[in-house]
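Comments concern the structure below.
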Amino acid sequence: MKYAARIIDITKEYPLKGETVHALRGVSFDVPFGDYVAIMGPSGSGKSTLLNLLGCLDKPTSGQLLLEDDDIGALNDDELATVRASRIGFVFQSYNLIQQLTVLENIQVPLFYLGRLGAAERIRCEEIADLVGLKDRLKHRPAQLSGGQQQRVAIARSLVNAPNFILADEATGNLDSVTTEEIMGLFEKLNNEGRTIIMVTHEDEVSAHAKRVVRLRDGLLQSDIINENRELLLPPNTRIKDTIPADHA
Ligand SMILES: Nc1ncnc2c1ncn2[C@@H]1O[C@H](COP(=O)(O)OP(=O)(O)O)[C@@H](O)[C@H]1O
Ligand SMILES: [Mg+2]
Numbered sequence: 001m002k003y004a005a006r007i008i009d010i011t012k013e014y015p016l017k018g019e020t021v022h023a024l025r026g027v028s029f030d031v032p033f034g035d036y037v038a039i040m041g042p043s044g045s046g047k048s049t050l051l052n053l054l055g056c057l058d059k060p061t062s063g064q065l066l067l068e069d070d071d072i073g074a075l076n077d078d079e080l081a082t083v084r085a086s087r088i089g090f091v092f093q094s095y096n097l098i099q100q101l102t103v104l105e106n107i108q109v110p111l112f113y114l115g116r117l118g119a120a121e122r123i124r125c126e127e128i129a130d131l132v133g134l135k136d137r138l139k140h141r142p143a144q145l146s147g148g149q150q151q152r153v154a155i156a157r158s159l160v161n162a163p164n165f166i167l168a169d170e171a172t173g174n175l176d177s178v179t180t181e182e183i184m185g186l187f188e189k190l191n192n193e194g195r196t197i198i199m200v201t202h203e204d205e206v207s208a209h210a211k212r213v214v215r216l217r218d219g220l221l222q223s224d225i226i227n228e229n230r231e232l233l234l235p236p237n238t239r240i241k242d243t244i245p246a247d248h249a
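Residue 180 in this note's numbering sits at position 180 of the sequence shown, and the numbers go up by one each step.
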């Protein structure tokens, strides 16, 4: 198993009012383990569609998508849900927090779905909240937090299953530049821990931190370039903490 993901001639079509939208028109690239990829491209170029396929939220129309050698197109909905819950951490631009729940409860949501919320997991959720700087906000509700704090909750929630993949769609799109740097620092630590990160962004300041930049245009891969001048925010090999076991899931 050499690759975290292989995207092989993927297409995705959406039916829309009797027409067909060709969101992806034959995209291929491989993502080695531990890679850190920024997906860029104009609005409507297929970035979110591609990330949703990688996140097992949807299936390709044609082509093959392998996640750690599992052919995603061959899985049924239950199997896809299991892959999502156990291996993938998804961070959205809009945070997608549950307003009625506290910070800690929001972080616990994935474990709740997996039926795996015992005493040890409760402690772990508090540890993860601590790691992303939310220790003194555990009982707050999302509306009582800043955008950056809400995104930290979403990141903490994406980490509770110790996912191999972290997928982020414009995760810093609503944040100021200082908070964006803090979130990028978190991603850098997670990548140093060996987690594969694929993020969609339209900001050069964000893609500057990735190891590689893939550009889409009109549903096609336009370029795929190693980021030679990658900007590091932290001393090499800084990790979030060695207590997040990679095989926790
Ligand atoms: N659920 C959907 N139904 C119909 N068309 C869609 C749907 N989702 C995305 N599209 C279309 O597919 C194309 C790619 O969209 P998207 O992947 O969201 O692009 P990006 O994230 O790069 O802005 C766009 O033309 C968009 O309008
Ligand atoms: Mg998008």
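Don't be surprised by glycine CBs; every beta carbon is placed ideally from N, CA and C.
- Annotation: the continuous alpha helix (DSSP H) that includes A154 extends over G147 to L159.
- Burial check for G89: the Cβ neighbour count within 10 Å reaches 16 or more, so the residue is buried.
- Where Q64 is concerned, the enclosing beta strand (DSSP E) starts and stops at S62 to L67.
- Beta bridge pairing from DSSP links F33 with no other residue.
- Under DSSP, T11 takes part in a beta bridge, and its partners are R25 and S62.
- Put simply, the residues with a CB less than 6 Å from any heavy atom of ligand 1 are Y14, L16, V21, A23, G41, S43, G44, S45, G46, K47, S48 and T49, in chain order.
- Between the alpha carbons of N174 and A168 lies a gap of roughly 13 Å.
- V214 and R25 have their C-alpha atoms spaced approximately 15 Å apart.
- Separation of L220 and K47 (C-alpha to C-alpha, rounded to the nearest whole angstrom) is 10 Å.
- In this model, S62 and P235 are separated by some 42 Å (Cα to Cα).
- Within a 10 Å sphere around the beta-carbon of G41 sit 16 or more other beta-carbons, which makes this residue buried.
- Beta-bridge pairing by DSSP links D70 to L67.
- Scanning the region 174-204 for uninterrupted alpha helix (DSSP H) segments of 4 residues or longer gives 177-192, listed from N- to C-terminal end.
- M199 and E126 have their C-alpha atoms some 26 Å from each other.
- With distances taken between CA atoms, P163 lies nearest to F33 out of S177, K59, F33 and A120.
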